[in-house]
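To keep things clear, I will list the structure first and then write my remarks on it.
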Amino acid sequence: MEHEDVTEKIIGCAYRVYNEMGFGFLESVYEKCLLIEL
Numbered sequence: 754m755e756h757e758d759v760t761e762k763i764i765g766c767a768y769r770v771y772n773e774m775g776f777g778f779l780e781s782v783y784e785k786c787l788l789i790e791l
């Protein structure tokens, strides 16, 4: 159950970052945003 919770949080953060930023940025930009969101 613990792994499911962590996975759900990571995927949710990734969706929020993508929805906020959109597409077209370098991977490093999304990486930094995801770190902030987590």
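Residue numbering for the sequence shown is 754 to 791, as defined by my numbering.
Idealized CB from N, CA, C, for every residue including glycine.
Under three-state DSSP, which class holds residue 788?
To locate residue 788, count along the sequence shown from 1; it is residue 35. Reduced to three states, the DSSP call for residue 788 is helix.
Could you check if residue 770 is buried or exposed, using at least 16 other CB atoms within 10 Å of its CB as the buried criterion?
Within the sequence shown, residue 770 is the residue found at index 17, counting from 1. It is buried - the Cβ of residue 770 has at least 16 other Cβ atoms within 10 Å.
Taking Cβ positions, are residue 766 and residue 787 nearer each other than 8 Å?
As a first step, residue 766 must be located in the sequence shown, where it is residue number 13. As a first step, residue 787 must be located in the sequence shown, where it is residue number 34. Yes, Cβ-Cβ distance for residue 766 and residue 787 is below 8 Å.
Please say whether residue 774 and residue 768 have beta carbons closer to each other than 8 Å?
On the sequence shown, residue 768 is found 15 positions in, with the first residue counted as 1. On the sequence shown, residue 774 is found 21 positions in, with the first residue counted as 1. Cβ distance not < 8 Å, so residue 768 and residue 774 don't count as in contact.
From which residue to which residue does the alpha helix (DSSP H) around residue 765 run?
Here residue 765 corresponds to residue number 12 of the sequence shown, with the count starting at 1. That run of the alpha helix (DSSP H) goes 755 to 774.
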